[in-house]
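Structure record follows, encoded as structure tokens.
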Amino acid sequence: MALLVQKFGGTSVGTTSRIEAVAELIIRTVQAGHKVVAVVSAMAGETNRLLGLAQQIDSRAASRELDVLAATGEQVTIALLSIALIKRGYPAVSLLADQVSIHTDNKFGKARIERIDTERLHSELEQGHIVVVAGFQGRDVEGNVTTLGRGGSDTSAVALAAALKADECQIYTDVDGVYTIDPRICPQARRLSTIPFVDMLELASLGAKVLHSRSVEYAGRYQVPLRVLSTFRPDAGTLVVYEESAMQGQQISGIACLQNLAYLQCSGLTPETLMKLTALLAAHQVETDMLQQVGHWPELLTVTVVISQADWLQVGQDVQQLLVDCGANPAQVQSNLAKLSVVGVGVRSQPELVSRMMALLYQMNVQIWSMTQTES
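Under the numbering used here, the first residue of the sequence shown is numbered 4, with each subsequent residue one higher.
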């Protein structure tokens with residue numbers, strides 16, 4: 004008998020009929036002799052709808068209250084899924100993150116899980132219950148509701164699997180595994196039966212949406228067996244592997260595409276101004292996709308920063324004010340950019356690959372703003 008953590012995203016539970024289909028999937032797993040902890044997201048679009056309501060009242064609403072609001076979406080789906088399971092004669096219990104004791108820090112909107120107390124979970128499992136847990140949320144040391152940020156339900160599932168020492172963490176999505184590129188962008192994409200952990204982490208960090216990067220980091224830290232499957236098409240999916248031999252096989256694992264980026268060029272900076280700029284971005288919990296410095300002190304510095312357009316809309320005014328106050332030039336901003344990342348082993352040692360990519364982009368009249376090579 005295996006203990007499985009199964010996570011179902013917003014599309015998988017987007018309607019009551021889909022929730023009932025998820026219940027059937029869980030029941031098949033139980034009938035195969037396994038124990039199940041299901042981690043569930045809010046219905047597709049629900050978190051955006053809730054935050055939109057807050058936006059109508061106050062565009063700068065307190066982050067604590069936004070977390071209280073956003074966390075209600077998962078409360079609906081865990082209850083509905085439990086109802087569907089009980090209706091079919093399978094005992095289930097829905098639990099909020101607070102009831103499961105998922106402890107986080109107090110960074111509202113992007114909280115990090117610090118520990119999970121598993122006593123309640125083990126008790127419910129020993130009673131033969133299917134445990135349905137709200138993903139995406141936790142509580143801080145003061146008992147405040149926190150949310151883990153976009154894709155946080157993946158992280159919830161992996162963290163629970165690690166805490167419970169589950170045999171496998173299964174992430175159910177609307178695609179049947181990890182592809183060489185998003186099949187919604189390129190229909191010719193191939194599904195991978197396995198993918199090395201380092202490549203999965205790289206793809207997730209660079210914008211591949213099949214798994215959230217923080218969940219992959221967590222899986223790697225605790226060696227959680229991780230599999231990506233489709234809720235709608237039964238298949239073996241893609242298994243993330245940790246064995247070194249598997250990491251020495253294929254050279255190119257995939258291509259990640261990250262869209263809606265803002266490219267900032269900040270010139271006339273002193274080291275002190277650069278320090279203040281990075282501190283400002285950190286204070287707003289802005290993730291920098293790229294931070295590149297040109298020049299060295301005592302010459303004034305030029306710094307290129309790439310962040311999401313959403314983050315730029317949030318902090319842009321403060322960034323420009325900081326630069327002006329420090330005597331630097333206002334940032335020159337280019338929006339609506341995308342980043343393509345080729346991920347695999349030995350990419351840097353294949354100059355012909357870079358040449359082919361450049362030729363293809365040139366043929367398609369794609370303007371290149373920046374290009375870097377790294378060896379992960």
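Every residue, glycine too, gets a C-beta built ideally from N, C-alpha and C.
Could you give the distance in angstroms between the alpha-carbon of residue i and the alpha-carbon of residue j?
i              : j                 : result
leucine 53     : methionine 203    : 31 Å
glutamate 23   : threonine 80      : 11 Å
histidine 132  : glycine 155       : 24 Å
leucine 294    : alanine 82        : 43 Å
methionine 367 : methionine 360    : 11 Å
threonine 121  : isoleucine 255    : 39 Å
isoleucine 258 : glutamate 205     : 10 Å
valine 213     : glutamine 268     : 31 Å
arginine 31    : valine 345        : 38 Å
threonine 276  : glycine 210       : 29 Å
valine 178     : leucine 326       : 44 Å
glutamine 323  : arginine 115      : 29 Å
methionine 250 : glutamate 220     : Reliability fails at methionine 250, whose pLDDT of 46 lies under 50, so the model's placement of it is uncertain and the value that follows must be treated cautiously. So the two alpha carbons sit approximately 17 Å from each other.
alanine 5      : threonine 19      : 28 Å
glutamine 191  : phenylalanine 200 : 24 Å
glutamine 112  : glutamate 355     : A quick correction: the sequence has glycine, not glutamine, at residue 112. Their backbone Cα atoms lie some 43 Å apart in a straight line.
valine 243     : glutamate 290     : 25 Å
leucine 284    : aspartate 314     : 9 Å
leucine 69     : tyrosine 365      : 44 Å
glycine 138    : isoleucine 184    : 26 Å
valine 136     : alanine 73        : 16 Å
lysine 38      : threonine 176     : 20 Å
leucine 28     : glutamine 226     : 26 Å
proline 186    : leucine 232       : 14 Å
glycine 319    : glutamine 296     : 19 Å
tyrosine 266   : proline 94        : 52 Å
leucine 264    : serine 373        : 13 Å
asparagine 441 : valine 309        : No information on residue 441 is available, as it lies outside the stretch 4 to 379 that the chain covers here.
aspartate 321  : leucine 303       : 21 Å
glycine 240    : leucine 229       : 10 Å
histidine 215  : arginine 224      : 15 Å
isoleucine 174 : alanine 162       : 13 Å
What are the boundary residues of the beta strand (DSSP E) that includes residue i?
i           : result
glycine 271 : 255-272
valine 41   : Valine is not the amino acid found at residue 41; the sequence shown has alanine there. Counting along the chain, the beta strand (DSSP E) containing alanine 41 begins and ends at 38-43.
leucine 232 : 229-233
Helix, strand or coil for residue i? Go by DSSP, reduced to three states.
i                 : result
glutamate 275     : helix
valine 244        : strand
phenylalanine 200 : helix
histidine 287     : coil
glutamine 102     : helix
glutamate 205     : helix
lysine 10         : strand
threonine 307     : strand
threonine 19      : helix
isoleucine 116    : strand
isoleucine 174    : strand
serine 373        : coil
leucine 214       : coil
alanine 239       : coil
glutamine 335     : strand
alanine 35        : coil
alanine 95        : strand
glutamine 78      : helix
arginine 63       : coil
glutamate 302     : coil
Since residue i contacts residue j with CB under 8 Å, what's their CB separation in whole angstroms?
i             : j             : result
valine 25     : valine 16     : 6 Å
arginine 142  : threonine 149 : 6 Å
serine 97     : serine 85     : 4 Å
glutamine 262 : alanine 341   : 4 Å
alanine 47    : threonine 14  : 5 Å
glutamate 77  : alanine 45    : 5 Å
Name the one or two DSSP bridge partners that residue i has.
i             : result
arginine 194  : Tyr182
glycine 141   : Thr149
threonine 107 : Ile116
leucine 343   : Cys260
Starting from residue i and walking both ways along the alpha helix (DSSP H), at which residues does that stretch end?
i             : result
valine 71     : 66-73
leucine 294   : No alpha helix (DSSP H) contains leucine 294, which is instead part of the beta strand (DSSP E) from 293-297.
alanine 313   : 312-328
asparagine 51 : 49-60
histidine 132 : No alpha helix (DSSP H) contains histidine 132, which DSSP labels as neither H nor E.
threonine 158 : 155-167
glutamate 355 : 354-366
Quick one: is the Cβ of residue i within less than 7 Å of any heavy atom of the ligand FAD?
i             : result
threonine 176 : Of the ligands one can find in the structure shown there are none, so the ligand FAD has no counterpart to examine.
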